[in-house]
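Undergrad: Please see the structure below; I have some questions.
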Amino acid sequence: MTLMLIFGAIAAFYCLLLLFRCATYALPIFAGLGLAFTLRDHGFGWMVILAAGLLAGVSIHALGRHLARGSAPLVLRLGVILAFVGAAAAAGFQAGGALAMLADLDPWTQRGLSILTAVVTGYAGWRDLLSPGGGIEQPALHS
Numbered sequence: 005m006t007l008m009l010i011f012g013a014i015a016a017f018y019c020l021l022l023l024f025r026c027a028t029y030a031l032p033i034f035a036g037l038g039l040a041f042t043l044r045d046h047g048f049g050w051m052v053i054l055a056a057g058l059l060a061g062v063s064i065h066a067l068g069r070h071l072a073r074g075s076a077p078l079v080l081r082l083g084v085i086l087a088f089v090g091a092a093a094a095a096g097f098q099a100g101g102a103l104a105m106l107a108d109l110d111p112w113t114q115r116g117l118s119i120l121t122a123v124v125t126g127y128a129g130w131r132d133l134l135s136p137g138g139g140i141e142q143p144a145l146h147s
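5 is the number of the first residue of the sequence shown in the numbering used here; add one for each residue after it.
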């Protein structure tokens, strides 16, 4: 039983780490899923739904990274950054609330843990959105 508790704690820690690492993708995923569900309600086929949802998510992520890092006006950059951070913080708030409910904490502690997780997830989304590296680092070639 103790071993299962340890494995459960490790799994919960890994899920939180994954939440913080993928915080930048919250807005593109929400947008892609929203478009996919809208197209499904209007009767489009599954190939169109999947292609449009994927294209919307990828394009919003690429455009957001480009606008946030580029030489756009400060107001536009700030708006894009706040949209991405807001979506990440909302996802973090819900995940923190779910983890606090699983731990069976009192309501005020649940709310505090949710807010703390939202702030940390929003910061992780801001950091990942503005970080200069966008992919896997490759080692430099030495001659």
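The C-beta atom is built at its ideal place from N, Cα and C for all residues, glycine as well.
Only a predicted model underlies this, so the values are computations on that prediction, with no experimental measurement involved.
1. What are the complete alpha helix (DSSP H) segments, minimum 4 residues, inside the region 50-137?
2. Does the Cβ-Cβ distance between A95 and T125 come in under 8 Å?
3. Are there 16 or more other CB atoms within 10 angstroms of the CB of W112, so buried, or fewer, so exposed?
4. Helix, strand or coil for M5? Go by DSSP, reduced to three states.
5. Check whether chain B comes within 8 Å of A15, counting only Cβ atoms and requiring the distance to be less than that.
6. Is it true that the region 25-39 meets the region 57-68, where meeting means three or more beta-carbon pairs spaced less than 8 Å apart?
7. With 16 as the cutoff for other CB atoms within 10 Å, does T6 come out buried or exposed?
TA: A quick look at the data gives this:
1. 50-73, 78-106, 111-134
2. yes
3. exposed
4. coil
5. The chain labelled as chain B is not found in the depicted structure, where only one protein chain is given.
6. yes
7. exposed
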